[in-house]
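*Asks:* Chains as they are written, first to last, in numbering that gives the first Met the number 0: chain A, 0 to 176; chain B, 0 to 376. I am attaching a structure below and will ask some questions about it afterwards.
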Amino acid sequence: MTEWSDRILLGSARETRVTRYRRWGLIVIPLAAILFQVYVPLFVQFLSYLELPLLVTVYFALLRRSPIGGMLVGTAIGLVQDSLSHQPIGMFGIVKTLVGYFAASIGMRFDVEHFVIRFLLGLFFFLFHQFLYWALARALLGQQVGIDVRQTFFMGLLNAAVAVSLFHILDKLKERV
Amino acid sequence: MDSLLNRYRNITVLLLVIFAQLVLLAYQVKSNQDVRLIRIWAVTGVTPVARIIEGLRSGAVRLLEDYVLLHDSVGENRRLKAELGRLKMENQQLKSELETAERVKALSLFQTRTPSRTAVARIIGTGTGANSRVVFVDRGSSSGLMKGMAVVTPDGIVGKVIAAYPITAQVLLVTDPTFAAGVISQKHRVHGILKGLGHSSCLVDYVQNEEPVEPGEWFYTSGDDGVFPKGLPAGTVTVSRPGNPLKQIYLVPAGLGHGLEEVLIILEGVHQPIPEPQAAGSEVQLLPPPPPDQFQAAGSGPQAGAGAPGTEADRLRERYKQIGEAQNHKFGEGPPGAKPPDFNLQPGQPPASQPRPSGSGGQPPPAPPKPQPPPNP
């Protein structure tokens, strides 16, 4: 085991302890992310590329380290996001459910508090989210939507960078048990 | 089981949640044909299952029909065959009963028509022996039967009672070699003695060669034997030829022609006249004479209604004859080259003057008729 691997893999009981969030935080933070997704792009068009609900889902899933918990968080955030979108309810729900599940599964193995991991996870789940949504839109809705891989990748980098900052801010609000 | 559920709990919950959202999504989304996606999914998902179930059901039904019901059809076929056999037997019994009824009806009819007093008896057995021509009837002395009584059917004589027991009687058939009865031919009243030969034919003995007997002629009982009343049919002649010293006449007994089941025992015989032979052709149907010919009935002919000959040649000959008589000409009497009568004149028209030779100032011959131009279309 190298020093790098020791730093990113969970090895001790201390590192595997469950981090709990305040109850109001579990409700307010996702709502705030959704409201930001809905409201802020009205004024700043560029910020519409930020997928804050996705980042919040990844953060809570990684934080809880429980696939079911992360899955439920992703489902709830996705369904609320669907309810505010013009797409049928369930599209974001399915995608974020899978994101929450896989993120929680990853959080059980990796030290998600490392910024590199967070950046990579942010990039990966953004790409995963976009690709899965595109696939579902084509498969289930029959929509002939396109995907710009380069733009998507750059947006992924942007969201990954935001994820590192956002996760650091959200870490301030969590409580350790 | 619990450990298995705990092991796959996460993925199970994930699949359930995804499925629930898929259902929710499908409920909202409509296809191009304005059909909700959930309906399409449901139909698409259910149809193969339904097809499989229907295939299983139809296969099971087909198997049931092909095997179980076929197996049942074998039993049914066997039952139908048995029923067919039973129906055949029943049909045969009905036919037999019908024939019996017809025979009984004929016997009853004969019984009412004949002046003799008779009793109906049924054949219940035959005598022993290969050449035996003896039968037993179900009537005996208790029914008034006595030895020597005649046994007949409506078709003819059968035999005579040779032994009468209390409840049965023995009848000697006409085909037995020891049987004898006096007979007489219908047409020429030739007397003879009917004798059995031991087979289906009988012999009429004691007939002289000079006696005229023809094949097909009927013989009736003559009443000379004191057993059979006069006038009962005995049979028809099949062979009649001169013999030495007597004529050989063979006949087929009429009373045994349709088998023997019921017979009549003549308790008190009454002689009857022998029926007269029917004249040949007396029953031939003759059509009425045809109606008169239409030509003659209309009176268009010269001799209509006066017995004129029927053919056209006859009528033409008669017309020429009348023309000759009107012009005082007699056919066949003139010399060769004599002037023939004018056949263009009617019989009542006087003859015209003699024509003059041409170029002597007479009337020119009439010009031939000019051809008519064809009509314009």
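Where a beta carbon is used, it is the ideal one built from N, C-alpha and C, also for glycine. Nothing here was measured: the structure is a model prediction, and the numbers come from that model.
For K80 of chain B, which residues of its own chain have a beta-carbon under 6 Å away from its beta-carbon, when the five flanking residues on both sides are left out?
*Replies:* Here the set comprises nothing.
*Asks:* Taking the straight line between their C-alpha atoms, what separation do you get for L122 of chain A and G155 of chain A?
*Replies:* Between L122 of chain A and G155 of chain A, the C-alpha separation is close to 5 Å.
*Asks:* Show which residues of chain B have a CB atom less than 8 Å away from the CB atom of Y100 of chain A.
*Replies:* Within 8 Å Cβ-Cβ: N9 and L13.
*Asks:* If you follow the beta strand (DSSP E) that S239 of chain B is part of, which residue opens it and which one closes it?
*Replies:* P232 to R240 is the span of the beta strand (DSSP E), which, as asked, contains S239 of chain B.
*Asks:* Suppose the cutoff is 7 Å on Cβ atoms and the five residues either side in sequence are ignored; what does the same chain contact list for I166 of chain B look like?
*Replies:* Result list for I166 of chain B: G139 and S141, in chain order.
*Asks:* Does the segment 216–232 of chain B come into contact with the segment 174–188 of chain B, if we say contact requires no fewer than three beta-carbon pairs (one atom in each stretch) closer than 8 Å?
*Replies:* Yes, since at least three Cβ pairs between the segment 216–232 of chain B and the segment 174–188 of chain B fall closer than 8 Å, the two stretches touch.
*Asks:* For G147 of chain B, tell me which candidate among B:G234, B:Q169, B:P153 and B:G155 has the shortest Cα-Cα distance.
*Replies:* Minimum Cα distance to G147 of chain B is reached at B:Q169.
*Asks:* What is the rounded straight-line gap between the Cα of V163 of chain A and the Cα of M70 of chain A?
*Replies:* Going by the C-alpha atoms only, they are around 21 Å apart.
*Asks:* For chain A, check one thing: does any of its Cβ atoms lie closer than 8 Å to the Cβ of V16 of chain B?
*Replies:* By this cut-off, V16 of chain B is an interface position.
*Asks:* G195 of chain B to L83 of chain B, Cα distance in whole Å?
*Replies:* If you take the alpha carbons of G195 of chain B and L83 of chain B, they lie about 44 Å apart.
*Asks:* Using 8 Å for Cβ pairs, my map puts L255 of chain B next to L172 of chain B. What's the rounded Cβ distance?
*Replies:* Contact holds; Cβ gap of about 7 Å.
*Asks:* Check for me: the alpha helix (DSSP H) holding L23 of chain B runs from which residue to which?
*Replies:* Taken as a continuous stretch (DSSP letters only), the alpha helix (DSSP H) holding L23 of chain B covers R8 to Q27.
*Asks:* What number of angstroms, rounded off, separates the C-alpha of V43 of chain A from the C-alpha of F127 of chain A?
*Replies:* Going from the Cα of V43 of chain A to the Cα of F127 of chain A covers about 25 Å.
*Asks:* I'd like the list of long-range same chain contacts for G116 of chain B, defined as Cβ closer than 6 Å, with 5 residues on each side in sequence excluded.
*Replies:* In the sequence on display, residue 116 of chain B carries Arg and not Gly. Cβ within range, chain order: L266 and E267.
*Asks:* Nearest-angstrom Cα distance between L315 of chain B and P274 of chain B?
*Replies:* Approximately 57 Å between the Cα atoms of the pair.
*Asks:* Comparing the C-beta of V34 of chain B with each C-beta of chain A, is any distance below 8 Å?
*Replies:* Answer no: the Cβ-Cβ gap between V34 of chain B and chain A never drops below 8 Å.
*Asks:* Compute the Euclidean distance between the alpha carbons of A32 of chain A and E50 of chain A, then round it to the nearest angstrom.
*Replies:* Their Cα atoms are separated by approximately 8 Å.
*Asks:* Since P252 of chain B is in the beta strand (DSSP E), which residue starts that stretch and which ends it?
*Replies:* P252 of chain B -> beta strand (DSSP E) spans Q247 to P252.
*Asks:* How should F166 of chain A be labelled, buried or exposed, when 16 other C-beta atoms within 10 angstroms of its C-beta is the threshold for buried?
*Replies:* That one is buried.
*Asks:* Evaluate contact between the segment 239–247 of chain B and the segment 96–112 of chain B, counting only Cβ atoms and requiring at least three cross-stretch pairs below 8 Å.
*Replies:* Contact fails: fewer than three Cβ-Cβ distances are below 8 Å.
*Asks:* Find the nearest neighbour of I322 of chain B within the set B:W40, B:D65, B:Q345 and B:E261, judged by alpha-carbon distance.
*Replies:* It is B:Q345.
*Asks:* Does the beta carbon of T74 of chain A sit closer than 8 Å to a beta carbon anywhere in chain E?
*Replies:* Going by chain labels, chain E is absent from the structure shown, which instead holds the protein chains A and B.
*Asks:* For a contact defined as C-beta to C-beta under 7 Å, what are the partners of V28 of chain B on chain A?
*Replies:* Those are P87, L139 and L140, listed as they occur along chain A.
*Asks:* Looking at the secondary structure, which residues open and close the beta strand (DSSP E) in which G181 of chain B lies?
*Replies:* Here the beta strand (DSSP E) through G181 of chain B covers A179 to S184.
*Asks:* So, C201 of chain B versus P241 of chain B, is the Cβ gap smaller than 8 Å?
*Replies:* No, these two residues do not count as a Cβ contact at 8 Å.
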